[in-house]
Amino acid sequence: MAVVFRFPDKEGLLQERFFDLIHVKNTKALTLKEELTALLSNNGFDVQNLRGQGYDGASNMKGEFNGLQALFLKDCPYAYYVHCYAHRLQLALVAAARDVVPISQFFQKLLYIINIVDSSSKRHDELHDAQVVEIARLLAIDQIETSKGGNQIRALKRPGDTRWGSHLGSISSLMDMFNAVSSTLQTIASDASAGTHRADADTAYNYLIDFEFVFGLCMMIEILQISEELGKALQKKRQDIVNAIRLVSSTKALLEKLRSDNGWDNFFLLLLLSFAWIMALRFLIWMSHIFYVGVVLVVKLIILPKSIISEWRYFEQRWTTN
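See below:
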C-alpha cells in the first residue's frame, strides 16, 4: 500500500510527498489501520494530528461504519475523509454511460474490438505491421509530416472503470489507428489458420465500420474531452475547493451547450464536413490514379504503333533486298 502525505509548508503552500510503500497481509480495514498506525508511530507522527484522509471508493476504505476512514475517525474526529474527486468523476461518467443503452453497447463493442486485435503477441505484431504500412501510405500522399519522435507505432488502450481518462485514451487510440485496426481485422478474418477467431474478427470488423459505432466514436470523444479537462484540473496539487466548484460549473455549461439544439447542429455539421473532406480527398487520390493510368495508356498507344511500323519497314527492306 502506498502512503502519501499532504501538508502545508511554512509558507502555507500545500505539498505532497510520497512517504512509504508498505506490505499488508490482506486488505481488511482493521489490518490497514494497524499497519498505517504503526508506520506513523515509528516515524514520530501522532494520529491525533491528522486533519484529513483520502482513499479510493472501495468499501473497505470508505465504509461508513467499519471502513478504514471510520476507524481513523474514531481515534481522531478531525481526520475527515475525502474521496478523490477525479476518481468520483470517473465513476460518475461510467455510471452515466451505463444508464444509456446505446452508449453502453458502444463501449462493449469498443472493448470487443480491442480484445480481438490485441489478444495475443501475434495479433499485436500484425497490428504493428499494419501501422507501418499505414504510416508509409500517409507519408506518400503528404497526409502527415516526418518529424523527430513523430509517427510512432502505438498500441490500443483498454478502458478501465477506475482509471482516470482511460475511456478517452481508448477511443483516441482507436481513432488514430482506425485504418490499421481495420486492416488487421480483415487479415485475421481471411486467415484460414485462425480457426474460430475468423468469425470473431469478422464480427469485430462489422462493428468497426458500422455507422452508429463510428458516430459514437466522434460523439464520445467530443464529450470526454470536455470532462477530461476537469479531471486533470481536479488532480492538481494546488487545487482549492472554490476553484474546483467553478470548474465543475464551467464543465456543466460546456456539456449543456453541446446538448442544446445549436450545439448538436454544429457538432453534426462539423462531423459531416469532416466526412465530406475525407471522401473528397479519397476521390482526388482516386482521380489522380486514373489520370496516371490514362497517361500511361495514351503513351503506349502512341509509341507502340511507331515501333510496329519501324519493325515492319525493317523486315520489308530485308525482303526486297533478298
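Using full-length UniProt numbering, the letters of the sequence shown correspond one by one to residues 1 to 322.
Virtual Cβ for every residue (Gly too), placed ideally from N, Cα, C.
1) Whole angstroms is fine: what's the gap from Met220's alpha carbon to Val117's?
2) From Phe19 to Lys33, what does the alpha carbon distance come to, in whole angstroms?
3) Could you tell me the distance, in whole angstroms, from the CA atom of Thr162 to the CA atom of Gln90?
4) Expressed to the nearest angstrom, what Euclidean distance is found between the alpha-carbon atoms of Val133 and Ile153?
5) Would you say the segment 108-116 touches the segment 170-188, given that touching needs at least three Cβ pairs under 8 Å?
6) Might you give, ordered along the chain, the residues of its own chain that have their beta carbon closer than 6 Å to the beta carbon of Ala130, omitting 5 neighbours on each side?
7) Nearest-angstrom Cα distance between Asn206 and Ala189?
8) Write down the C-beta distance between Leu230 and Thr251 rounded to the nearest angstrom, noting that I regard them as a contact closer than 8 Å.
9) Can you tell me the Cα-Cα spacing of Arg98 and Gly165, whole angstroms?
10) So what does Tyr81 bridge to, in DSSP terms?
11) In chain order, what residues of the same chain lie with their CB nearer than 8 Å to the CB of Leu40, ignoring the 5 residues before and after it?
12) Are the CB atoms of Ile171 and Leu217 within a distance shorter than 8 Å?
13) Measure the alpha-carbon distance for Gln108 versus Phe215 and round it to whole angstroms.
14) If you compare alpha carbons, which of Ser193, Leu258, Lys157 and His87 is closest to Lys122?
15) Could you tell me the distance, in whole angstroms, from the CA atom of Asn43 to the CA atom of Thr37?
16) Report buried or exposed for Ser227, applying the criterion of at least 16 other Cβ atoms within 10 angstroms of its Cβ.
17) With 16 as the cutoff for other CB atoms within 10 Å, does His23 come out buried or exposed?
18) In the structure shown, what three-state DSSP assignment does Ile309 receive?
19) Can you list, in chain order, the residues of its chain with a C-beta nearer than 6 Å to that of Phe5? Leave out the 5 residues immediately preceding and following it.
20) Among Ser173, Asp265 and Ile141, which residue has its Cα nearest to the Cα of Ala155?
21) Measuring alpha carbon to alpha carbon, tell me which residue in Ala29, Leu168 and Leu50 is nearest Leu93.
22) By the three-class DSSP mapping on this structure, what secondary structure does Gln90 have?
23) Could you tell me whether the Cβ atoms of residue 332 and Gly67 are closer together than 8 Å?
24) Nearest-angstrom Cα distance between Ile309 and Gln186?
25) In this structure, how does DSSP classify Val4 when only helix, strand and coil are distinguished?
26) Name the two residues that bound the continuous alpha helix (DSSP H) containing Asp200.
Judging by the given coordinates:
1) 21 Å
2) 16 Å
3) Cα to Cα, the separation comes out at about 7 Å.
4) 11 Å
5) yes
6) Ala180, Ser183 and Thr184
7) 11 Å
8) About 4 Å separates the beta carbons of Leu230 and Thr251, which is inside the 8 Å limit, making them a contact pair.
9) Answer to the nearest angstrom: the Cα atoms are 16 Å apart.
10) Gln53
11) Asp46 and Val47
12) yes
13) 15 Å
14) Ser193
15) 10 Å
16) buried
17) exposed
18) Model confidence at Ile309 stands at a pLDDT of 48, short of 50, so the residue's coordinates are unreliable and nothing is read from them.
19) Result list for Phe5: Arg17 and Phe19, in chain order.
20) Ser173
21) Leu168
22) helix
23) Nothing can be reported for residue 332, as the shown portion of the chain is limited to 1 through 322.
24) For Ile309, the pLDDT reaches just 48, beneath the cut-off of 50, and the residue's location in the model is therefore unreliable, although a value from the coordinates is still provided. Distance from the CA atom of Ile309 to the CA atom of Gln186, rounded to whole angstroms, is 49 Å.
25) strand
26) His197 to Ile209
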